[in-house]
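Visitor: Submitted below is the structure of interest, expressed as structure tokens.
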Amino acid sequence: MREYYNNRMYENCIICPRRCGVNRSLNQRGFCKMGDIPVVNLCMLHFGEEPIITGTRGSGTVFFEGCSLGCCFCQNFSVSRGATGCGKTMSPDELAQAFLSLQSQGAHNINLVTPGHFIPSVAEAIKIAKNTGLTIPVAVNSGGYESVESLKLLDGLVDIYMPDLKFYSNKLSKELCNAPDYYEVACKAIAEMYRQVGPAVIGEDGLMKRGLIVRHLMLPGQLFDTKKVLDYLCTTYGNNIYISLMNQYTPFEYKYPQMKLPEFMKRKVPAGHYNAASEYLMLLDQENAFLQDDASGDELLPEFKTD
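Residues 835 to 1141 in this note's numbering are what the sequence shown spells out, letter by letter.
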């Protein structure tokens, strides 16, 4: 088996925008709380994505543990705050085999969820998989808080990006994920993603083959922030991208009491606010949009390995 774990990007880690500078190869832990070997909680056919990703057979989804953003309202809290002890460490060779296995199960695409803090290993895994028979599109699903320099390692390897653009307000992003630079960083990251994959390409089967889906989860009382995000995306990219306006925010403090939510986050998004945002998006002449009903966040989550 090839050995990749001494990759120098992990030795003085500046892979994500937090630029912790720790030596993850010596088991030092930065914000993401992870070492230099990818930890995967689940590999599965997932049916909870947008229709042009899920299709009829599902998206071949790989859920990584750890995260470099750390939103206090994260619905994947049980795996995003560091290793659960139930995830599996996987070398690039092993990841590549997992991708090929998902393809053999009928997956329409490979969907990498929160891989940003493992980008050097993930890039190598995609190369190996594509050289040994992977033919379906590869998608990266992220919170949007990514380094442009790190994203460039994926240039030519990733076909579809599915980033969030969570916040416009620096004050809001500082309060909810201690990242006051979120909007600026995410906009630059999305621009790099678009540079790599270009305008959306939909195949004859109705599935995305290449392109960008930007997701925005509405938060309680933040209709103004949502409108500013939609303004930016529509003005900058128009119908060259897809926008997914999401309405499944669920306050999970009852499930994860360690989540310290501000008072305004302890309720759901009013139906009138979501309807207003949906109408606003249509007024911006956005044709490539996904709108959701009042689905519960619980219904869309897989059963993560936590025990």
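Where a beta carbon is used, it is the ideal one built from N, C-alpha and C, also for glycine.
1) Do the CB positions of residue 1031 and residue 1043 come within less than 7 Å of each other?
2) Keeping to the same chain, check which residues put their C-beta closer than 6 Å to that of residue 841; ignore five residues upstream and five downstream.
3) If we call anything under 7 Å between Cβ atoms a contact, is residue 1041 one with residue 889?
4) Can you list, in chain order, the residues of its chain whose CB lies under 7 Å from that of residue 947, leaving out five sequence neighbours each side?
5) Specify the secondary structure class of residue 1115 as computed by DSSP and reduced to three states.
6) Roughly how many angstroms separate the alpha carbons of residue 1027 and residue 994, rounded to a whole number?
7) Considering only residues of the same chain and omitting the five flanking positions on each side of residue 970, which have a CB-CB separation below 8 Å?
8) Enumerate in chain order the residues of its own chain whose CB-to-CB distance from residue 1143 is below 7 Å, with the five nearest sequence positions on each side excluded.
9) For residue 1096, is the classification buried or exposed, using 16 other Cβ atoms within 10 angstroms of its Cβ as the cut-off for buried?
10) Please name the residue or residues paired with residue 996 in a DSSP beta bridge.
11) Report the three-state DSSP secondary structure of residue 1106 (helix, strand or coil).
12) I need the DSSP call for residue 1123, collapsed to helix, strand or coil.
13) Check this for me: beta carbons of residue 1053 and residue 1125, under 7 Å apart or not?
14) Leaving out the 5 sequence neighbours to the left and right, which residues in its chain are closer than 8 Å to residue 851 when beta-carbon positions are compared?
15) Please classify residue 837 as buried or exposed, where buried requires at least 16 neighbouring CB atoms within 10 angstroms.
16) Apart from the five residues just before and just after residue 1120, which ones in its own chain have a Cβ nearer than 7 Å to its Cβ?
17) Going by Cα to Cα distance, which pick from 885, 1085, 1050, 925 is closest to residue 961?
18) Using a Cβ-Cβ cut-off of 6 Å (strictly less than) and excluding sequence neighbours within five positions of residue 956, which residues of its own chain qualify?
19) Could you compute how far the alpha carbon of residue 1105 sits from the alpha carbon of residue 1083?
20) Residue 1102: buried (16+ other C-beta within 10 angstroms of its C-beta) or exposed?
21) Between the C-alpha atoms of residue 1001 and residue 1112, what's the straight-line distance to the nearest angstrom?
22) Please classify residue 1067: does DSSP put it in a helix, a strand, or coil?
23) If you compare alpha carbons, which of 906, 876, 877, 867 is closest to residue 1086?
24) Which residues bound the alpha helix (DSSP H) around residue 1004?
25) Roughly how many angstroms lie between the CA atoms of residue 952 and residue 1065, to the nearest whole one?
26) Do residue 912 and residue 1138 have their CB atoms nearer than 7 Å?
27) Taking the alpha carbon of residue 919 as the reference point, which residue from 909, 1033, 873 has its own alpha carbon closest?
28) So, residue 923 versus residue 871, is the Cβ gap smaller than 7 Å?
29) With 16 as the cutoff for other CB atoms within 10 Å, does residue 988 come out buried or exposed?
30) Over what stretch of residues does the alpha helix (DSSP H) that includes residue 1076 continue unbroken?
31) Would you identify the three-state DSSP class for residue 1040, choosing helix, strand or coil?
Guide: Taking the geometry as given:
1) Here residue 1031 is taken as the residue at index 197 of the sequence shown, counted from 1. Here residue 1043 is taken as the residue at index 209 of the sequence shown, counted from 1. Not closer than 7 Å, so no.
2) Locating residue 841 in the sequence shown gives position 7, where the first residue counts as 1. Short of 6 Å from the beta carbon of residue 841, and not among the five residues preceding or following it, lie these beta carbons of its own chain, in chain order: 954.
3) Start at 1 with the first residue of the sequence shown, and residue 1041 comes out as number 207. Start at 1 with the first residue of the sequence shown, and residue 889 comes out as number 55. Here residue 1041 is near residue 889, since their CB atoms are less than 7 Å apart.
4) Locating residue 947 in the sequence shown gives position 113, counting from the first residue. So the list reads 895, 896, 897, 898, 975, once near-sequence residues are dropped.
5) Looking up residue 1115 in the sequence shown gives position 281. In this structure, residue 1115 counts as helix in the three-state DSSP scheme.
6) Here residue 1027 refers to the residue found at position 193 when the sequence shown is read from its first residue. Here residue 994 refers to the residue found at position 160 when the sequence shown is read from its first residue. Distance between the alpha carbons of residue 1027 and residue 994 is about 9 Å.
7) Numbered from 1 along the sequence shown, position 136 holds the residue referred to as residue 970. Take residue 970, set aside five residues on each side of it, and the residues of its chain with a beta-carbon closer than 8 Å to its own are 894, 937, 941, 942, 943, 944, in chain order.
8) With the chain represented from 835 up to 1141, any question about residue 1143 goes unanswered, as that position is not in the structure.
9) Position 262 of the sequence shown, counting from 1, holds the residue named residue 1096. Residue 1096 is exposed by the Cβ-count criterion.
10) In the sequence shown, counting from the first residue as 1, residue 996 sits at position 162. Per DSSP, 975.
11) Counting from one through the sequence shown, the residue named residue 1106 turns up at place 272. Correct three-state label for residue 1106: helix.
12) Position 289 of the sequence shown, counted from the first residue, corresponds to residue 1123. Correct three-state label for residue 1123: strand.
13) By one-based count along the sequence shown, residue 1053 stands at place 219. By one-based count along the sequence shown, residue 1125 stands at place 291. It is not a contact, given that the beta carbons lie outside the stated cut-off.
14) Position 17 of the sequence shown, counted from the first residue, corresponds to residue 851. Correct list, in chain order: 902, 979, 980, 981, 1013, 1015, 1019.
15) For the purposes of this step, residue 837 is taken as residue 3 along the sequence shown, with counting starting at 1. Here the model assigns residue 837 a pLDDT of 43, short of 50, so the residue's position is not dependable, and the following value carries that caveat. The residue in question, residue 837, is exposed, as its Cβ has fewer than 16 Cβ neighbours within 10 Å.
16) Within the sequence shown, numbered from 1, the residue matching residue 1120 stands at position 286. Within the same chain, Cβ atoms closer than 7 Å to the Cβ of residue 1120 are found at 1068, 1073, 1077, the five residues on either side in sequence being excluded.
17) To locate residue 961, count along the sequence shown from 1; it is residue 127. Selection 885, 1085, 1050, 925 evaluated against residue 961 yields 925 as nearest (Cα-Cα).
18) Within the sequence shown, numbered from 1, the residue matching residue 956 stands at position 122. Cβ neighbours of residue 956 beyond the five flanking positions: 949.
19) Locating residue 1105 in the sequence shown gives position 271, counting from the first residue. Locating residue 1083 in the sequence shown gives position 249, counting from the first residue. The straight-line gap from Cα to Cα measures roughly 12 Å.
20) Position 268 of the sequence shown, counted from the start, is the residue given in the question as residue 1102. By the neighbour-count rule (16 or more Cβ atoms within 10 Å), residue 1102 is buried.
21) Mapped onto the sequence shown, residue 1001 falls at position 167. Mapped onto the sequence shown, residue 1112 falls at position 278. Spanning the two alpha carbons is a distance of roughly 17 Å.
22) Translated into the one-based positions of the sequence shown, residue 1067 becomes position 233. In the three-state DSSP reduction, residue 1067 falls in the helix class (H, G or I).
23) Translated into positions along the sequence shown, residue 1086 becomes position 252. Closest option to residue 1086, Cα to Cα, is 906.
24) Taking the first residue of the sequence shown as 1, we reach residue 1004 at position 170. Taken as a continuous stretch (DSSP letters only), the alpha helix (DSSP H) holding residue 1004 covers 1004 to 1011.
25) Indexing the sequence shown from 1 puts residue 952 at position 118. Indexing the sequence shown from 1 puts residue 1065 at position 231. Using only the alpha carbons, I get a separation of about 32 Å.
26) In the sequence shown, residue 912 corresponds to position 78, counting from 1. In the sequence shown, residue 1138 corresponds to position 304, counting from 1. Taking C-beta atoms as the reference points, residue 912 and residue 1138 count as a pair closer than 7 Å.
27) Here the question's residue 919 lines up with position 85 in the sequence shown. Looking at the Cα atoms, 873 is the closest of the given residues.
28) For this step, residue 923 is matched to residue 89 along the sequence shown. For this step, residue 871 is matched to residue 37 along the sequence shown. Their beta carbons are under 7 Å apart, which means residue 923 touches residue 871 by this criterion.
29) If you number the sequence shown from 1, residue 988 lands on position 154. Flag for residue 988 reads buried.
30) Numbered from 1 along the sequence shown, position 242 holds the residue referred to as residue 1076. Taken as a continuous stretch (DSSP letters only), residue 1076 belongs to no alpha helix (DSSP H), being part of the beta strand (DSSP E) at 1076 to 1080.
31) In the sequence shown, residue 1040 corresponds to position 206, counting from 1. When secondary structure is reduced to three states using DSSP, residue 1040 falls in the coil class, being assigned neither helix nor strand.
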